[in-house]
Amino acid sequence: MWLFRHYTMADNDRWDFSISDESMLKELNDEKSRQYIGLTVYVALVAILGILGNTSALVFYMKQKKQTVTKMLIIALTINDFFTSFFIFTNIYDFFHSLTFPSNAWCKLYYLIIRVFVVNSLLFLSAVGFDRFVLIYQWPPWAIVVCQLRSIKYVICACLTISAVFALRDIWIVELTPVYVMYVNRTITGAHCMPSMRPEVKTIITVCHMLDLSILVAVSILIIVIYSLIARRVATVRNHLGVYSKHFRPQAPNIYAIQFDQHDITSHSEGTTDVSQHVEATDIVNVTSVSSTDEKTIPKLQGIHNVDKQLQSSNRSKRNTRIEQRITMMMFAITAASLLSFVPYFVISFLQTYDHTSSAWEVLAHRSNVINSTLNPFIIGFFNSEFRRFIVARILFCRRT
Numbered sequence: 226m227w228l229f230r231h232y233t234m235a236d237n238d239r240w241d242f243s244i245s246d247e248s249m250l251k252e253l254n255d256e257k258s259r260q261y262i263g264l265t266v267y268v269a270l271v272a273i274l275g276i277l278g279n280t281s282a283l284v285f286y287m288k289q290k291k292q293t294v295t296k297m298l299i300i301a302l303t304i305n306d307f308f309t310s311f312f313i314f315t316n317i318y319d320f321f322h323s324l325t326f327p328s329n330a331w332c333k334l335y336y337l338i339i340r341v342f343v344v345n346s347l348l349f350l351s352a353v354g355f356d357r358f359v360l361i362y363q364w365p366p367w368a369i370v371v372c373q374l375r376s377i378k379y380v381i382c383a384c385l386t387i388s389a390v391f392a393l394r395d396i397w398i399v400e401l402t403p404v405y406v407m408y409v410n411r412t413i414t415g416a417h418c419m420p421s422m423r424p425e426v427k428t429i430i431t432v433c434h435m436l437d438l439s440i441l442v443a444v445s446i447l448i449i450v451i452y453s454l455i456a457r458r459v460a461t462v463r464n465h466l467g468v469y470s471k472h473f474r475p476q477a478p479n480i481y482a483i484q485f486d487q488h489d490i491t492s493h494s495e496g497t498t499d500v501s502q503h504v505e506a507t508d509i510v511n512v513t514s515v516s517s518t519d520e521k522t523i524p525k526l527q528g529i530h531n532v533d534k535q536l537q538s539s540n541r542s543k544r545n546t547r548i549e550q551r552i553t554m555m556m557f558a559i560t561a562a563s564l565l566s567f568v569p570y571f572v573i574s575f576l577q578t579y580d581h582t583s584s585a586w587e588v589l590a591h592r593s594n595v596i597n598s599t600l601n602p603f604i605i606g607f608f609n610s611e612f613r614r615f616i617v618a619r620i621l622f623c624r625r626t
């Protein structure tokens, strides 16, 4: 039976153990690792699914011939989520070195990289929502210039810069914390990678968590407002198209060919043939008729072309509206899943209960904000039928598309 305690010490880049203490500490660390075996399997599965899903989504969007700002931002989000999923594997290393984490520099870098990826994901999702709003409302005027393909690289660079600056705090608030393990009647010193337990730093950490939560709430409210306005505009356009379809439903023109030859008159109408009297002529006359739900008849051929253009425009508008609706629902679902993934993280962060003695559930909650990187490609597949067909045909059956 052993007890765990943690104390603060000066930062060291590497902890030294005596041979006997190191052997005992390794035994205790292995026992702790066995407690995390279920969590280890779960994290490995999440990482593998995230890598496969984001790779498929990246290939799918990169093969698109027509690229838009939204698609480019989704590609950036997918690349970010791919590296996040790959980096999730480093959690397993932490599970197996809960008491013997070797390097203070690697500890700080580990937290910093994770925070960069997480903040990147939120910024890219916010940029997608803003781009959808500008595209549909064509407002504000300055944003129309920003939301162009030629400007997308600057937007991505800005997101990366903000994320890096935001994550720099982990250099000061995260450290390799010494822990003291009581084994039988002997005290053994170990090391655990975690936010600092020093009193003066804990206050700064609490302020940082409050700042994080405030920003997340503000972003959540902004995104909800943006997607509500988008949904309202899409619904309004859909209703207008529905009213238009009810009041005016033009049908395709019917063309009748009446052929006069030296023997008889043959009229063709919808695939039927009628034989009539013999005449001496060699002419072909094309007669075009148009039927419509309107009471007025369209007397001229120009009217026929106008009807055809209106019909094509109406169908195209309906199709575009359905596409916009699906994209809006997809991005809202991705954003909602991302925001909800922060709830367990903030609960554990404010309670400040995470340390080397934490249970598997507490460890999972402490890392919940990186799980959404695995969910995103599956949400895309749920709303995008073309992506599902691509997965089935190209990935599962290796067919050419």
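In terms of this note's numbering, the sequence shown opens at residue 226 and continues consecutively.
The beta-carbon is built from N, C-alpha and C at its ideal position, and this holds for glycine as well.
As the structure is a computational prediction, the values presented were derived from the model and not from experiment.
| Query | Result |
| --- | --- |
| For I273 and G354, which I take to be in contact (beta-carbon distance under 8 angstroms), what is that distance rounded to the nearest angstrom? | So it is not a contact: roughly 29 angstroms between Cβ atoms. |
| Quick check: D246 and I381, are their CB atoms within less than 7 angstroms of each other? | no |
| Use the C-beta contact count for S310: other C-beta atoms within 10 angstroms, 16 or more gives buried, fewer gives exposed. | buried |
| For L347 versus G415, is the C-beta distance shorter than 7 angstroms? | no |
| Looking only at DSSP bridge pairs, what is T461 linked to? | T461 pairs with nothing; no bridge assigned. |
| So that I know if they touch, is there some Cβ in chain C lying closer than 7 angstroms to that of F308? | Chain labels in this structure do not include chain C; a single protein chain is all it has. |
| Give me, in chain order, the residues of the same chain whose beta-carbon lies closer than 8 angstroms to that of V271; leave out the 5 immediate sequence neighbours on both sides. | S310, I313, I596, T599 |
| For D255, count neighbouring C-beta atoms within 10 Å of its own C-beta (all shown protein chains included) and say buried if the count is 16 or more, exposed if not. | exposed |
| Which stretch, first to last residue, makes up the alpha helix (DSSP H) that contains R340? | 329-362 |
| What is the DSSP secondary structure of Y261, counted as helix, strand or coil? | coil |
| Thinking C-beta only, is P569 closer than 7 angstroms to A590? | yes |
| Taking C-alpha atoms, which residue in L565, A618, E252 lies nearest to V406? | E252 |
| Take I369 and list the residues in its own chain whose beta-carbon comes closer than 8 angstroms to its own, dropping the five residues that flank it on each side. | V359, Q363 |
| In terms of alpha-carbon separation, which member of L264, R423, I377 lies closest to D319? | L264 |
| Go through the stretch 406-468 residue by residue and report every complete run of the alpha helix (DSSP H) that reaches 4 residues or more, in order. | none |
| Should I605 and A282 be called a contact, given that it needs their Cβ atoms to be closer than 7 angstroms? | yes |
| Can you tell me whether T295 is helix, strand or coil according to DSSP? | helix |
| Alpha carbon to alpha carbon, what distance is there between A460 and V444? | 24 angstroms |
| In this structure, what does DSSP give as the bridge partners for S325? | A small correction: the amino acid at residue 325 is Thr; Ser does not occupy that position in the sequence shown. T325 pairs with A416. |
| Is I548 near the ligand ADP, with its Cβ less than 6 angstroms from a heavy atom? | This structure simply doesn't include the ligand ADP, nor any ligand for that matter. |
| Tell me V399's beta-bridge partners as DSSP assigns them. | P420 |
| Does DSSP put N609 in a helix, a strand or coil? | coil |
| Which whole-angstrom value describes the C-beta separation of H434 and S583, a residue pair presumed to lie in contact below a C-beta threshold of 8 angstroms? | No, H434 and S583 are not in contact; Cβ-Cβ is about 17 angstroms, not under 8 angstroms. |
| How many angstroms separate the CA atom of R259 from the CA atom of H581? | 14 angstroms |
| Can you look up C382 in the DSSP assignment and give me helix, strand or coil? | helix |
| Which residue's Cα is closest to the Cα of N601: F391, L334, V409, T303? | T303 |
| Apart from the five residues on each side of it in sequence, which residues of its chain come closer than 6 angstroms, Cβ to Cβ, to I430? | I398, P420 |
| By Cβ distance, which residues of its chain are closer than 8 angstroms to F567, with the 5 residues on each side in sequence left out? | L441, S593, N594 |
| So for L393, helix, strand or coil by DSSP? | coil |
| How big is the Cα-Cα spacing for N279 and L454? | 29 angstroms |
| Where does D319 sit, in a helix, a strand or coil, going by DSSP? | helix |
| Are R340 and D306 closer than 7 angstroms when you measure CB to CB? | no |
| Smallest Cα separation from F608: which of M554, Y379, I300, L393? | M554 |
| Assuming I596 is part of the alpha helix (DSSP H), what are its boundary residues? | No alpha helix (DSSP H) contains I596, which DSSP labels as neither H nor E. |
| Specify the secondary structure class of V617 as computed by DSSP and reduced to three states. | helix |
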